[in-house]
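**Student:** Please read through the structure below; I'll follow up with questions.
Number of protein chains: 2
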Amino acid sequence: MSFSPLIRQLIDALRVLPGVGQKTAQRTALHLLERDRSGALRLAQALTQAMEGVGYCQRCRTLSEEDVCSLCLDPRRDDSLLCIVEGPMDVYAVEQTGYRGRYFVLKGHLSPLDGLGPEAIGVPELLKRIDEGAFSEVILATNPTVEGEATAHYIAQLLANKGLVTSRIAHGMPLGGELELVDGGTLAHALAGRRPISL
Amino acid sequence: MSFSPLIRQLIDALRVLPGVGQKTAQRTALHLLERDRSGALRLAQALTQAMEGVGYCQRCRTLSEEDVCSLCLDPRRDDSLLCIVEGPMDVYAVEQTGYRGRYFVLKGHLSPLDGLGPEAIGVPELLKRIDEGAFSEVILATNPTVEGEATAHYIAQLLANKGLVTSRIAHGMPLGGELELVDGGTLAHALAGRRPISL
Ligand SMILES: [Zn+2]
Ligand SMILES: [Zn+2]
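Chains as they are written, first to last, in the numbering used here: chain A, 389 to 587; chain B, 389 to 587.
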């Protein structure tokens, strides 16, 4: 081995990044040292400021450095719609669709085997948010995985007597997908959810 | 868009990393904020310490936080051999082969179109290093690219009258390679460099 202690320390630290193994960490460390020290120092500062400054929105529980995030404060959004997702990245994904209601961000999904029950993922805060709001529909947009389905089902049951429409995002063929390549469960959902063609 | 300013700043800053696009930067930022804030702060500190503390070895010009690196100071290495490479990562690669001589690290290769002549890549320092040393052989281990070959050829000419053996790393088939997949130039080199089989 021939890297000096500070370079070794940097290589080790870079492995905190998802998907970065030893080889990529080495290349990245030397690239930054040889080509972009000012960019690397900017990254160090951005990491520190974000890790120390970003918390969670009190209302929707997404990542935010303000007590209440800009999405929750935006007066132009539809206060009758609430979309429930598993994480902050999902908010970004749903935003891309043009959705303009409100959000609530769970801390992932129910996972009894990992000891993650309703409290751990923020269900009490969700119920409080719903009671404080004036929603007419709650859209359960947890992931279409076994755990995401179970989480959606659990929450739908809790909301059964609140006089709300509770909906679930649709399953079906992804756009551009091919029947022979998609898994059987997805195709079964696509068939069961078929709709008349209006000409 | 729904990320707060500090998160946006972090996403932008992460794009300084080679191979990291917008999507990966977003995922990485949220992963660090949600899963590993202490690791991210460790990375920030390692970046700062390395960018501010690491310079270049006065003797071999590799990256080092000491004036003279541990490789140059190691008394067990062979002072008669000097291996010339294009960058610090190449030192690491050659070390893996079991080579135990000394090194000199150029700043890349000659690139006249980019205005990179002998001074820019450290040739004067290389000649000084050779004059100060007691080398019997200089191994030119620049990359087997057009620029790397030209750089090796240029340096070999400069060293012609110094009473040194000047050698170039061999070209040929990579181990595990297949004849039908390797490029014609490589195969031509492999044929021209053929050696008798000793049984
Ligand atoms: Zn919010
Ligand atoms: Zn050195």
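The beta-carbon is built from N, C-alpha and C at its ideal position, and this holds for glycine as well.
Are the stretch 521-532 of chain A and the stretch 463-477 of chain A touching, with three or more C-beta to C-beta distances below 8 Å?
**Tutor:** With the cut-off at 8 Å, the stretch 521-532 of chain A and the stretch 463-477 of chain A touch.
**Student:** Could you pull the start and end residues of the beta strand (DSSP E) that residue 555 of chain A belongs to?
**Tutor:** 553-556 is the extent of the beta strand (DSSP E) around residue 555 of chain A.
**Student:** Tell me which residue opens and which closes the beta strand (DSSP E) that residue 487 of chain A is part of.
**Tutor:** Taken as a continuous stretch (DSSP letters only), residue 487 of chain A belongs to no beta strand (DSSP E), as it is neither H nor E.
**Student:** Residues of chain A with CB closer than 8 Å to the CB of residue 397 of chain B, please, in chain order.
**Tutor:** Within chain A, the residues near residue 397 of chain B are 434, 437 and 438.
**Student:** Let me know the secondary structure DSSP gives residue 418 of chain B once reduced to three states.
**Tutor:** If DSSP states are grouped into helix, strand and coil, residue 418 of chain B belongs with the helices.
**Student:** Would you say the beta carbon of residue 396 of chain B is closer than 7 Å to some non-hydrogen atom of ligand 1?
**Tutor:** False, no ligand heavy atom lies under 7 Å from that Cβ.
**Student:** Assuming residue 448 of chain B contacts residue 492 of chain B under a Cβ cut-off of 8 Å, what Cβ separation, rounded to an integer in Å, is found between them?
**Tutor:** Residue 448 of chain B to residue 492 of chain B, Cβ: 5 Å. Contact.
**Student:** At 8 Å on the CB atoms, spell out the chain A contacts of residue 454 of chain B, in chain order.
**Tutor:** Those within 8 Å of residue 454 of chain B in chain A are 392.
**Student:** For residue 582 of chain A and residue 541 of chain A, I'd like the C-alpha separation in whole angstroms.
**Tutor:** Near 22 Å, if we compare the C-alpha coordinates of residue 541 of chain A and residue 582 of chain A.
**Student:** Suppose you measure from the CA of residue 548 of chain B to the CA of residue 393 of chain B; what does that come to, to the nearest Å?
**Tutor:** Cα to Cα, residue 548 of chain B sits roughly 60 Å from residue 393 of chain B.
**Student:** Check the C-beta distance from residue 495 of chain B over to residue 509 of chain B and give it rounded, since I have them as a contact under 8 Å.
**Tutor:** Correct: roughly 5 Å between the Cβ atoms.
**Student:** Name all residues in chain order for which at least one heavy atom of ligand 1 lies closer than 5 Å to the residue's CB.
**Tutor:** Taking each Cβ in turn, the ones that pass are A/445, A/447, A/448, A/457 and A/460.
**Student:** Ligand 2 and residue 452 of chain B: does the residue's C-beta get closer than 7 Å to at least one heavy atom of that ligand?
**Tutor:** Checking the Cβ of residue 452 of chain B against ligand 2 gives yes.
**Student:** Is residue 480 of chain B close to chain A? Criterion is C-beta to C-beta, closer than 8 Å.
**Tutor:** So, interface residue.
**Student:** Throw me the rounded Cβ distance for the residue 417 of chain A and residue 468 of chain A pair, which I believe falls under 8 Å.
**Tutor:** Going by Cβ atoms, the distance from residue 417 of chain A to residue 468 of chain A rounds to 51 Å, so no, they are not a contact pair.
**Student:** Can you look up residue 503 of chain A in the DSSP assignment and give me helix, strand or coil?
**Tutor:** Coil, per DSSP.
**Student:** For residue 363 of chain B and residue 545 of chain B, I'd like the C-alpha separation in whole angstroms.
**Tutor:** As displayed, chain B neither begins before 389 nor continues past 587, which places residue 363 of chain B out of reach and without an answer.
**Student:** Considering only residues of the same chain and omitting the five flanking positions on each side of residue 552 of chain B, which have a CB-CB separation below 7 Å?
**Tutor:** Within the same chain, residue 552 of chain B has close Cβ partners 523, 524, 525 and 526.
**Student:** For residue 514 of chain A, is the classification buried or exposed, using 16 other Cβ atoms within 10 angstroms of its Cβ as the cut-off for buried?
**Tutor:** Answer is buried; the Cβ neighbour count reaches 16.
**Student:** Could you say which of B/466, B/434, B/565 and B/451 lies nearest to residue 422 of chain A if we only look at CA atoms?
**Tutor:** It is B/451.
**Student:** From the DSSP output, read off the bridge partner residues of residue 469 of chain B.
**Tutor:** Bridge partners of residue 469 of chain B: B/525.
**Student:** Using a C-beta cutoff of 8 Å, does residue 567 of chain A count as contacting chain B?
**Tutor:** Judged by the 8 Å Cβ criterion, residue 567 of chain A is not in contact with chain B.
**Student:** Starting from residue 441 of chain A, trace the alpha helix (DSSP H) in both directions and tell me its first and last residue.
**Tutor:** First-last of the alpha helix (DSSP H) with residue 441 of chain A: 425-441.
**Student:** So, is the C-beta of residue 441 of chain B closer than 8 Å to a C-beta in chain A?
**Tutor:** Chain A, which has a Cβ nearer than 8 Å to the Cβ of residue 441 of chain B, makes this yes.
**Student:** What is the DSSP secondary structure of residue 390 of chain A, reduced to helix, strand or coil?
**Tutor:** In the structure shown, residue 390 of chain A sits in coil (DSSP, three-state: anything other than H, G, I, E or B).
**Student:** Please check the pair residue 404 of chain B and residue 396 of chain A, which I expect to be a contact at CB under 8 Å, by giving their CB distance rounded to whole angstroms.
**Tutor:** Contact flag wrong, Cβ pair sits at about 21 Å.
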